[in-house]
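What follows is a single structure, written as structure tokens, with notes after it.
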Amino acid sequence: MNQEQCGKSAPLVLASRSPRRIELLREAGFEFEVLSPEVDEVHEAGMEPGELTELNARRKAMAAAVQRPESVVVGADTLVYLNGRPLGKPETPEEAQAMLRQLSGRVHHVCTGVHVAWEGGRQGRGLHVLSKVRFKELSDEQIQAYHALVNPFDKAGAYGIQEHGEMIIEGHEGSWTNIMGLPMEVLTPLLRSHLDRGW
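To convert, note that position 155 of the sequence shown is 144 in our numbering; the numbers rise steadily by one, no gaps.
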């Protein structure tokens, strides 16, 4: 299990090494530790986006919570959905380009599930947030230019809205931070309430 210290103490643990999630928690002013639990994500085509992302977020949070029973632990999972079909992280440049071709000129959904666990996982709360993203009409040249600047392989849907998003995105509805990977509008007050009272 990989470990990284972010701050002087670690009453809070992030069960993810996602640079975007780390950035969002730091910007919100939290001190936290990063753990990267080895968890096999569930991929069930028949599950609703919120149900599936919450399940994977819970699995990640629980795996870290048993290692840090004294801490509040956050797990998260983000999926991009187009017409009800999930788009995961691409494994090849060709797959990454194909994903952006599918998204070109269309509206898709981004669902992030979050699970906050405490007392070593004996207590917890799950939630999910849904946002919409509309892509510009993209040529193959524009897709290649975008991927020349942005690594698509660690991103669901082969893009990151915060990384040169103006090149490919026409607009969005809902939480911007949710599209990045953590819905801070709902997560921040939830974490503050637990941390302020010791759990």
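Virtual Cβ for every residue (Gly too), placed ideally from N, Cα, C.
- Message: Looking at Gly102: is its Cβ nearer than 8 Å to the Cβ of Asn45?
- Response: Mapped onto the sequence shown, residue 102 falls at position 113. Mapped onto the sequence shown, residue 45 falls at position 56. Against a cut-off of 8 Å, the Cβ pair of Asn45 and Gly102 comes out as a contact.
- Span of the alpha helix (DSSP H), counted from its first residue to its last, around Leu138: To locate residue 138, count along the sequence shown from 1; it is residue 149. Where Leu138 is concerned, the enclosing alpha helix (DSSP H) stretches over 129 to 138.
- Task: May I have the straight-line CA-CA distance separating Gly170 from Gly149, to the nearest angstrom?
- Result: On the sequence shown, position 181 is the one that residue 170 refers to. On the sequence shown, position 160 is the one that residue 149 refers to. Their backbone Cα atoms lie some 10 Å apart in a straight line.
- To which residues does DSSP link Glu16 through a beta bridge? Taking the first residue of the sequence shown as position 1, residue 16 is located at position 27. For Glu16, which the question treats as bridged, DSSP gives no partner whatsoever.
- Are the Cβ atoms of His97 and Leu71 separated by less than 8 Å? As a working note, residue 97 is residue 108 in the sequence shown. As a working note, residue 71 is residue 82 in the sequence shown. In terms of Cβ geometry, His97 and Leu71 form a close pair [threshold 8 Å].
- Item | Among Glu37, Ser93, Lys49, Asp185, the one whose alpha carbon lies nearest that of Ser7 | Position 18 of the sequence shown, counting from 1, holds the residue named residue 7. Checked all of Glu37, Ser93, Lys49, Asp185; the closest Cα to Ser7 is Lys49.
- Any idea which residues DSSP pairs Lys144 with across the strands? Here the question's residue 144 lines up with position 155 in the sequence shown. In the DSSP output, where bridge partners are listed per residue, Lys144 has none listed.
- For Glu37 and Phe19, the rounded distance between their alpha carbons: Taking the sequence shown and counting its residues from 1, one reaches residue 19 at position 30. Taking the sequence shown and counting its residues from 1, one reaches residue 37 at position 48. If you draw a straight line from the Cα of Phe19 to the Cα of Glu37, it is about 31 Å long.
- Task: Just mark Lys144 as buried or exposed, buried being the case when its beta carbon has 16 or more other beta carbons within 10 Å.
- Result: Taking the first residue of the sequence shown as 1, we reach residue 144 at position 155. Flag for Lys144 reads buried.
- So is Ala137 in contact with chain D if we call contact Cβ pairs under 8 Å? The chain inventory of the structure shown lacks chain D, comprising one protein chain alone.
- So is Gln133 buried or exposed if we call it buried at 16+ other beta carbons inside 10 Å? To locate residue 133, count along the sequence shown from 1; it is residue 144. Around the beta carbon of Gln133, a 10 Å sphere encloses fewer than 16 other beta carbons of the protein chains shown; the residue is thus reported as exposed.
- Query: Can you list, in chain order, the residues of its chain whose CB lies under 8 Å from that of Gly39, leaving out five sequence neighbours each side?
  - Reply: Taking the sequence shown and counting its residues from 1, the one referred to as residue 39 is at position 50. Closer than 8 Å at Cβ, skipping near neighbours: Cys100, Gly102, His117, Leu119.
- Going by DSSP, which residues form a beta bridge with Gly113? Residue numbering aside, residue 113 sits at position 124 when the sequence shown is read from its first letter. Per DSSP, Ala106.
- Item | The beta strand (DSSP E) enclosing Pro178, as first and last residue numbers | Against the sequence shown, residue 178 aligns to sequence position 189. Pro178 -> not in any beta strand (DSSP E); alpha helix (DSSP H) instead, spanning 173 to 185.
- Task: Please state whether DSSP places Ala4 in a helix, a strand or coil.
- Result: Along the sequence shown, one-based indexing puts residue 4 at 15. Shown here, Ala4 sits in coil according to DSSP, grouped into three states, outside any helix or strand.
- Item | As assigned by DSSP and simplified to three states, the class of Thr101 | Residue 101 sits at position 112 when you count from the first residue of the sequence shown. DSSP places Thr101 in the strand class (E or B) of the three-state scheme.
- C-alpha gap between Leu176 and Leu127, whole angstroms: As a position in the sequence shown, residue 176 is number 187, starting the count at 1. As a position in the sequence shown, residue 127 is number 138, starting the count at 1. C-alpha separation (whole angstroms): 34 Å.
- Ile157 in three-state terms, based on DSSP: By 1-based counting over the sequence shown, the position of residue 157 is 168. In the three-state reduction of the DSSP assignment, Ile157 falls in the coil class, being assigned neither a helical nor a strand state.
- Message: Since Pro58 and Glu27 should fall inside the 8 Å C-beta cutoff, what is the C-beta to C-beta distance between them, to a whole number of angstroms?
- Response: Translated into positions along the sequence shown, residue 58 becomes position 69. Translated into positions along the sequence shown, residue 27 becomes position 38. About 18 Å; that fails the 8 Å criterion.
- Message: Assuming the contact rule is C-beta atoms closer than 8 Å, Ala85 and His136 should be a hit. Round their C-beta distance to whole Å, please.
- Response: Against the sequence shown, residue 85 aligns to sequence position 96. Against the sequence shown, residue 136 aligns to sequence position 147. Distance from Ala85 to His136 at the Cβ level is roughly 6 Å; contact confirmed, criterion being Cβ atoms closer than 8 Å.
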